Structure formats: C-alpha cells, structure tokens
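>
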Amino acid sequence: MKIIKIPVSAGWLKKTTGVEKGPDKIIKHLEDFWFSETGVLPVYSFDEVKAPTQKSVFEKIKPLNEFIALGGDHSMTYSVFKAFASNHKNPGIIVFDAHPDLMPTTEPVNHENYLRSLIEHDVVKPKNVILAGIRNSDPDEIKFLKENKIKNFPMSLISEEGKEAICDTIMSAAKNFDALYLSIDLDAVDAAFAPGVAYPEVGGLTSRELLYFLHRLKKLKNLKAADIVELNPDKDSNNITALLAAKLVVELC
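So in numbering that gives the first Met the number 0, the last one in the sequence shown is 252, and the numbering has no gaps at all.
1. Would the beta-carbon of Phe45 fall within 9 Å of that of Val79?
2. Can you tell me whether Thr105 is buried or exposed, with buried defined as 16 or more other CB within 10 angstroms of its CB?
3. How long is the line joining the alpha carbons of Ala225 and Gly71, rounded to whole angstroms?
4. Which one or two residues does DSSP pair with Glu270 in a beta bridge?
5. Taking the Cβ atom as the reference point for each residue, do Phe95 and Ala164 lie within a distance shorter than 9 Å?
6. List the whole-angstrom C-beta distance separating Thr15 from His87, where the pair is believed to meet the contact cut-off of C-beta under 8 Å.
7. Quick one: grab the DSSP three-state call for Tyr113.
8. Pro138 lies in the alpha helix (DSSP H); which residues open and close that run?
9. For Ile227, report the span of its beta strand (DSSP E) as first-last.
10. Measure the alpha-carbon distance for Ile67 versus Asp31 and round it to whole angstroms.
11. Measuring CA to CA, which of Lys81, Glu47, Asp139, Lys148 is closest to Val123?
12. Rounded to the nearest angstrom, how far is the Cβ of Asn127 from that of Ile92, given a contact under 8 Å?
13. Could you tell me the distance, in whole angstroms, from the CA atom of Glu160 to the CA atom of Ala131?
14. Take the Cβ of Leu40 as the centre, count every other Cβ of all protein chains shown within 10 Å, and call the residue buried at 16 or more, exposed below.
15. Taking the straight line between their C-alpha atoms, what separation do you get for Gln53 and Arg115?
16. Assuming Val196 is part of the alpha helix (DSSP H), what are its boundary residues?
17. Within 10 Å of its beta-carbon, does Asp233 have 16 or more other beta-carbons around it, so buried, or fewer, so exposed?
18. So the candidates are Ala172, Ile3, Lys1; which of them puts its Cα closest to the Cα of Pro90?
19. Distance check for Trp33 and Asn147, CA to CA, integer angstroms please.
20. Which residue or residues does DSSP assign as beta-bridge partners of Phe95?
21. Which runs of the alpha helix (DSSP H), 4 residues or longer, sit entirely within the segment 45 to 81?
22. Can you find the residues in the same chain that come closer than 7 Å, C-beta to C-beta, to Leu222, ignoring five residues on each side of it along the sequence?
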C-alpha cells in the first residue's frame, strides 16, 4: 500500500499545532504489528509531501489510484480528496469525525470547514457525503447539514440503533459511488481510547467499534483511498492513540 505523509498543521488560530508530527509517529508504530486481523501481511511504500500546500498535495495525490494519506490536520483532506475526485466521475466520501467540519468557508481552507469547502466548490455532491460519529456541532453546521440533506449518523443514533444497522445503511449508500474515499479523524473515537488528538471529545466510538466499521467498509469494492488525521503525539498517553492509528493503517491494507 502506498502511504503518503502530509505533515500539515494549518489549523485555525494554530489550535492543531503538534499534529504535523503525526505521520512519522504512526509509521513508527507500524512496526508493532504483523498480520492484519484478516490474515494479511501488509506491504508498504512511503512518500511525503514536504512543506505541504494545497497545490503540492494535489499534485502528489493526482497520479495515485490507491493510497492512504497520513496527517496532519483535517484541512489536508480538501486537497487530497480534490485530487482523488478529479480522477473519478461520481466520487463519494465517508467521514468519521466528532465534528462535521462544515463551518463557513474561508481562504485558505482550514480543518473546521474543509468539507463545506469541498461541497461549495463543487468537488463533491452533498448526496455523496456521509458523516458518522458526530457529537459536537456548531449551529451553522447543523443548518448546513439540514439544508443540503447530508447523510449524518451522529453518535446518539449509532448508540440507539447499533453499529450493525448503521453500517448497513452507510454501505447501502456508499456502494453507489464510482469511487469511495474514507476519512478518519481520530477524534471520532472516545477520548478514553484516543486522547492524543487536537480536539478530544467524550462519548465517541470505542476503538473496537471503529475497527468494526472499517472491516466492513473494506468489503466495498469501490473503496480506493483513505486518510487518517489529527493525531497529536504531544497530547497522547502511552502512545495509545498512535497505536490505534497504526492499527487502522494495518487493517486498511
């Protein structure tokens, strides 16, 4: 699997400082795993976008067919997905995140509005966006979700209906995309299991629940690329978040 490091920290008011160290930390902990849980021995090749900008990230990703991008804060997904989408007629994105990242668009794009920017810049259709794990939203974001009829599976719904039923619904929608992109903000996971993130939030998925979703989504033949973002090693405890991120890479390969 092609692994692309994108050590960007372009967060609003420098609130994501530290996440630029995430990619190297994740790669270091890949050494702690052998086979995936499905019995696959992962084989990796590595590349990096040094001093990343929207343009340099786009140009690095554009020639790739399948890859995993490691951040860095979530703003990087704007350029990564834009490059991915440019190669497909009807791309879609599934995002696991504690926050919808649908704040009003700015220039440059930041981690709080990259997804809204992708929609408003006509990179992805609102109907091709699926959000899961949301549990802390701004009123502007809730309004945008409703106005654009974006598929949203908040933690309250996942808890009430069960991960199995929600995953069935997500997969039923996602299989209709020509190409599927998966974005995992580690704060989708409860802070008890993933403390080392830019914006830790309680009441989220367990590590096992996220792995359940990942293992099932991997069965979709149109899943072509993924990213894992927002690891902040400076805030981690006993490398538990970095280990989770590395395990996600292993299971995605």
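The C-beta atom is built at its ideal place from N, Cα and C for all residues, glycine as well. Quick caveat, the model's predicted, so the values are computed rather than measured.
A quick look at the data gives this:
1. no
2. Exposure of Thr105 is indicated by the presence of fewer than 16 other C-beta atoms within 10 angstroms of its C-beta.
3. 14 Å
4. For the chain, the structure presents residues 0 to 252; residue 270 sits outside this window and is missing.
5. no
6. At roughly 29 Å, the Cβ-Cβ gap does not stay under 8 Å, so Thr15 and His87 are not in contact.
7. In the displayed model, Tyr113 falls within a helix according to three-state DSSP.
8. Run containing Pro138: 138 to 146, per the alpha helix (DSSP H) assignment.
9. 222 to 228
10. For Ile67 and Asp31, the distance between alpha carbons rounds to 18 Å.
11. Lys81
12. 7 Å
13. 13 Å
14. exposed
15. When the Cα atoms are used, Gln53 and Arg115 turn out to be separated by approximately 16 Å.
16. Taken as a continuous stretch (DSSP letters only), Val196 belongs to no alpha helix (DSSP H), as it is neither H nor E.
17. Within 10 angstroms of the beta-carbon of Asp233 lie fewer than 16 other beta-carbons, which makes it exposed.
18. Nearest C-alpha to Pro90: Ala172.
19. 43 Å
20. Ala131, Ile183
21. 53 to 60
22. Leu179, Leu181, Leu216
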